[in-house]
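Structure first, then comments.
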Amino acid sequence: QNDRFVREGNPAARIPVLVHGERVITESLAIIEYIDETFPGPSLLPSDPFILAKSRAIALHIASGIQPLQNVRVLEKTEQIAGRGGKQEWANYWMRLGLAELETMLVKTAGKYCVGDEIIIADTCVPSIVEREK
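Just so we're aligned, residue 1 is where the sequence shown starts under full-length UniProt numbering, counting upward by one.
In structure tokens form, the structure reads like this:
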């Protein structure tokens, strides 16, 4: 029953999925913001609009510009279209470019963490690109 419930609420049938009561929320950043706005505790969304915008920009850069290139589904389709052997070279090119762009962004915003000295939404995206490289 839970599988059916999650699939009905998540047409992509991929993780992550948060089931909260009868609600199904998908996509990492939407889940992070929902949790932050729903439950008490330290906030991952800074109250300063400028800091929040910078943090969201970094989070979105990682979530849409770097992490998908590590996705097995994306790499398999790339190989299917481009032929054998090209997928890793293609992924490496775009990953290097995305990481170089990220580094340029972080040089301007980083303290102890991605944006300043508090853990915020941008920092929650970093493990998705680090873990895959291990």
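Note that the Cβ used here is the ideal one computed from N, Cα and C, for glycine as well.
Simplified DSSP assignment, three categories, for residue i
i, result
"Arg14", "coil"
With 16 other Cβ atoms within 10 Å as the buried cut-off, status of residue i
i, result
"Leu69", "buried"
"Thr38", "exposed"
"residue 135", "Residue 135 is absent from the model: the chain starts at 1 and stops at 134."
"Lys134", "With a pLDDT of only 49 at Lys134, under 50, the local geometry of the prediction cannot be trusted, and the value read off the model is given with reservation. By the neighbour-count rule (16 or more Cβ atoms within 10 Å), Lys134 is not buried but exposed."
"Leu102", "buried"
"Lys54", "buried"
"Ala63", "buried"
"Arg56", "buried"
Pair within 7 Å by beta-carbon distance, residue i and residue j
i, j, result
"Ala122", "Ile32", "no"
"Val115", "Ile51", "yes"
"Pro88", "Ile129", "The residue asked about is misnamed: residue 88 is Gln in this sequence, not Pro. Their beta carbons are not under 7 Å apart, which means Gln88 does not touch Ile129 by this criterion."
"Ser28", "Pro11", "no"
"Trp90", "Thr78", "yes"
(message) At 4 residues or longer, what runs of the alpha helix (DSSP H) sit wholly inside the stretch 83-114?
(response) For the stretch 83-114, whole alpha helix (DSSP H) runs of length 4 or above, ordered along the chain, are 86-109.
(message) As an exercise, report each continuous beta strand (DSSP E) stretch of at least 3 residues that is fully enclosed by the stretch 20-74, in chain order.
(response) Taken in chain order, the unbroken stretches of beta strand (DSSP E) that lie wholly in the stretch 20-74 and span 3 residues or more are 23-26.
(request) Kindly confirm or deny that the stretch 35-50 and the stretch 111-121 touch, where touching means at least three C-beta pairs closer than 8 Å. (result) In the pairwise beta carbon analysis, the stretch 35-50 is classified as touching the stretch 111-121: at least three pairs are separated by under 8 Å.
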